[in-house]
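Residue numbers (the numbering used here): 32 to 174.
Where a beta carbon is used, it is the ideal one built from N, C-alpha and C, also for glycine.
Being a predicted model, the structure only gives us computed values, none of them experimental.
The block underneath contains the structure these notes are about, expressed in structure tokens.
And the structure:
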């Protein structure tokens, strides 16, 4: 059966493993076992190849969403806090608060980005942030 598993699944094929109730990428075989790796990377696991089947579109989608959710939660940041007595920080925080009150997540994120950029540029030493370094516009000299 392990010989037919290599004909059935190419490396990278997304399969469902009922033994672990998990979706993973087929990596190859190790002795009598199939090696699977979680979508998005991680530690491989071994399973019996005869129980594997191609993942359904719903299983693939669910596994992809779990990967995206875990990545976004790992990189989530607290909203920046305005620097005391800085009018620009207060204005940007006000924009964020207005967007939040309107339930406009895009505008709220934009205000957070602008506030972080302002803080890096003008308050980096005070906040212990990496110094602001402007990136030259590559298209400026292309006329």
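- Taking the C-beta atoms as reference points, residue 146 is found nearer than 8 Å to residue 113.
- Sequence-distant partners of residue 126 (beyond 5 residues in either direction) whose C-beta falls short of 6 Å from its own C-beta, in its chain, are 142.
- Note that the stretch 116-131 does not touch the stretch 84-92; fewer than 3 beta-carbon pairs, one per stretch, sit closer than 8 Å.
- In the three-state scheme derived from DSSP, where H, G and I count as helix and E and B as strand, residue 139 is classed as helix.
- In the DSSP annotation of this structure, the continuous segment of the alpha helix (DSSP H) that includes residue 158 starts and ends at 155-158.
- Within the stretch 63-127, complete beta strand (DSSP E) segments of at least 3 residues are found at 64-69, 76-78, given in chain order.
- Residue pairing by DSSP puts residue 60 in a beta bridge opposite 65.
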